[in-house]
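Protein chains in written order, with this note's numbering: chain A, 71 to 381; chain B, 730 to 906.
Backbone N, C-alpha and C define an ideal beta-carbon position, used for all residues, glycine too.
Written out below as structure tokens is the structure these notes cover.
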């Protein structure tokens with residue numbers, strides 16, 4: 071029926087179970103002397119390979135020794151040792167400071183590139199000054215609590231939101247990204263989303279902060295971020311200041327559209343933790359522009375204290 | 730920044746604040762609900778008087794926002810919620826909420842600023858995190874109201890920028906501990 075010597079093969083398997091370190095040799099011995107020129111039809115080839123793979127799987131499952139001599143497919147990466155990271159008041163304040171530096175980075179980059187002019191440039195200048203003041207305040211609170219103040223933009227938010235967003239606005243030749251058609255409008259849209267997220271971040275920190283007095287301090291800054299966003303909402307959508315979406319209003323007060331505008335001074339009753347979508351960049355060949363969803367810093371975006379030790 | 734994943738994000742439990750409102754919190758949150766119902770009634774009074782002009786829908790939406798705040802506080806407080814406005818506060822502010830849109834917007838701007846300051850004060854007093862989280866989300870909404878009302882009052886986002894961005898020097902209404 072086939073050209074395998076079944077008895078020898080059984081012996082090889084038995085040997086393998088007894089001493090798996092010699093398993094490969096045993097299989098080679100079991101299959102040696104076969105008439106390959108006659109037996110290696112396509113069907114037999116597959117049967118033969120299947121048997122060998124089964125042996126390998128069997129040996130791998132049964133082998134007690136570390137050195138099996140069996141070839142391994144792929145390499146498992148060495149797992150990183152996981153750290154114990156506590157969401158302390160200091161970590162929250164450091165993350166808040168890092169977010170302020172993200173905003174500072176954006177407004178400085180925009181000013182340097184001359185993307186805004188007139189009233190919009192004046193507003194951005196004021197916002198830049200406010201964010202510098204907020205960064206100083208949160209850094210000062212961090213040191214008061216015995217922590218080390220963080221002085222850079224949040225690296226994760228910078229890499230997943232800020233840099234891609236700025237590339238969509240000014241273009242990036244190396245990546246084949248064309249510049250947007252209306253940089254000023256895109257900068258204001260990005261700033262609106264960024265300020266909304268900044269306010270939402272301080273709001274999110276309120277139930278996480280252990281020290282009650284820090285809640286009030288955090289929301290003192292969150293209040294200002296929310297006002298920044300609202301002012302930009304006024305600039306971007308002066309005809310409708312307060313959204314009617316989701317409100318139990320009579321028909322006469324509802325907006326005559328099914329889709330909310332991209333910005334409002336007051337988009338919803340409550341401050342939310344929802345992602346803020348911002349549409350940026352030039353349209354592609356289908357006329358579609360890129361949507362970037364900004365979110366508040368997640369647990370893996372926080373600037374934990376242990377990161378200082380790692381450099 | 731390190732790429733090391735975080736395995737655990739424990740908060741330090743020794744000093745973790747309570748989740749539900751404490752007895753003292755209930756009093757503070759009840760006060761907040763009365764203030765929100767007062768604000769709702771003031772906006773509704775302005776609407777009834779004919780204020781709003783091109784932005785009448787925004788005034789209606791602001792009234793609905795304050796009603797939503799009161800309802801959320803009610804949900805948190807249950808039977809402890811006062812469910813009534815602060816009549817004294819309403820009477821002291823009602824004259825500002827008339828038919829003229831600009832003057833109503835300025836009166837409302839001051840009211841919203843007062844609520845922002847009040848809620849910031851409450852946050853420093855509340856123990857329970859659920860109440861604090863709700864007040865924080867209301868505070869963000871009312872901060873945005875301030876900027877919207879500055880625009881409604883016809884102020885410029887550049888030459889009058891402080892009206893949009895700065896919490897005016899108003900007294901907190903919050904009961905002091």
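Assigned exposure category for residue i - 16 Cβ within 10 Å defines buried
i, result
"residue 905 (chain B)", "exposed"
"residue 831 (chain B)", "exposed"
"residue 236 (chain A)", "buried"
"residue 363 (chain A)", "exposed"
"residue 884 (chain B)", "buried"
"residue 808 (chain B)", "exposed"
"residue 900 (chain B)", "exposed"
"residue 142 (chain A)", "exposed"
"residue 174 (chain A)", "buried"
"residue 410 (chain A)", "Since the first residue shown for chain A is 71 and the last is 381, residue 410 (chain A) is missing from the structure and cannot be characterised."
"residue 880 (chain B)", "buried"
"residue 212 (chain A)", "buried"
"residue 857 (chain B)", "buried"
"residue 750 (chain B)", "buried"
"residue 821 (chain B)", "exposed"
"residue 269 (chain A)", "buried"
"residue 283 (chain A)", "exposed"
"residue 229 (chain A)", "exposed"
"residue 768 (chain B)", "buried"
"residue 139 (chain A)", "exposed"
"residue 266 (chain A)", "buried"
Partners in chain B for residue i, counting only beta-carbon separations shorter than 8 Å
i, result
"residue 298 (chain A)", "894"
"residue 368 (chain A)", "By Cβ distance, chain B contributes nothing, its closest Cβ being about 10 Å from residue 368 (chain A), past 8 Å."
"residue 323 (chain A)", "785, 786, 789 and 790"
"residue 308 (chain A)", "880"
"residue 293 (chain A)", "845, 849, 868, 869, 872 and 896"
For residue j and residue i, believed in contact at Cβ under 8 Å, the rounded distance
i, j, result
"residue 707 (chain B)", "residue 810 (chain B)", "This structure cannot speak to residue 707 (chain B), because chain B is shown only from 730 to 906."
"residue 780 (chain B)", "residue 829 (chain B)", "7 Å"
"residue 258 (chain A)", "residue 305 (chain A)", "6 Å"
"residue 870 (chain B)", "residue 336 (chain A)", "7 Å"
"residue 315 (chain A)", "residue 330 (chain A)", "5 Å"
Partner residues on chain A for residue i, Cβ-Cβ distance less than 8 Å
i, result
"residue 886 (chain B)", "189, 193, 301, 304 and 305"
"residue 797 (chain B)", "317, 339 and 340"
"residue 833 (chain B)", "By Cβ distance, chain A contributes nothing, its closest Cβ being about 14 Å from residue 833 (chain B), past 8 Å."
Per-residue contacts from residue i into chain B (C-beta, under 7 Å)
i, result
"residue 335 (chain A)", "873, 876, 877 and 880"
"residue 311 (chain A)", "784, 787, 877, 880 and 881"
"residue 269 (chain A)", "869"
Proximal residues of chain A, C-beta to C-beta of residue i below 9 Å
i, result
"residue 794 (chain B)", "312, 317, 336, 338, 339 and 340"
"residue 865 (chain B)", "272, 273, 274, 275, 276, 277, 285, 288, 289, 292 and 341"
Amino acids of chain A, ordered along the chain, whose beta-carbon sits closer than 7 Å to that of residue i
i, result
"residue 852 (chain B)", "276, 285, 286 and 289"
"residue 858 (chain B)", "277"
"residue 836 (chain B)", "Neighbours of residue 836 (chain B) on chain A: none; closest Cβ ~16 Å, over 7 Å."
"residue 813 (chain B)", "Under the 7 Å cutoff, chain A gives no residues; its nearest Cβ is about 21 Å from residue 813 (chain B)."
"residue 862 (chain B)", "276 and 277"
> What residues in the segment 187-205 of chain A have a beta carbon less than 7 Å from any beta carbon of chain B?
Replying inline: 189, 192, 193 and 196
>> Quick check for students: name the residue ranges of the alpha helix (DSSP H) that lie wholly in the segment 775-819 of chain B, counting only runs of 4 or more.
In response: Segments of the alpha helix (DSSP H) lying fully in the segment 775-819 of chain B: 785-806.
> Relative to chain B, which residues along the segment 274-289 of chain A have a C-beta separation below 8 Å, given in chain order?
Replying inline: Listed by position, the residues of the segment 274-289 of chain A near chain B (Cβ gap below 8 Å) are 276, 277, 278, 280, 282, 283, 285, 286 and 289.
> For the segment 159-175 of chain A, which residues have a beta carbon sitting closer than 8 Å to at least one beta carbon of chain B?
Replying inline: none
>> Can you pull out the residues from the segment 208-238 of chain A whose beta carbon lies closer than 7 Å to at least one beta carbon of chain B?
In response: 225 and 226
> Name the residues in the segment 745-758 of chain B whose C-beta lies less than 8 Å from a C-beta of chain A; which are they?
Replying inline: Within the segment 745-758 of chain B, the residues whose Cβ lies closer than 8 Å to some Cβ of chain A are 745 and 746, listed in chain order.
>> Ignoring anything shorter than 4 residues, give me the alpha helix (DSSP H) runs that lie fully in the segment 813-869 of chain B, in order along the chain.
In response: 816-822 and 830-854
>> Please give me, in chain order, every unbroken run of the alpha helix (DSSP H) with length at least 4 that falls completely inside the segment 281-369 of chain A.
In response: 282-306
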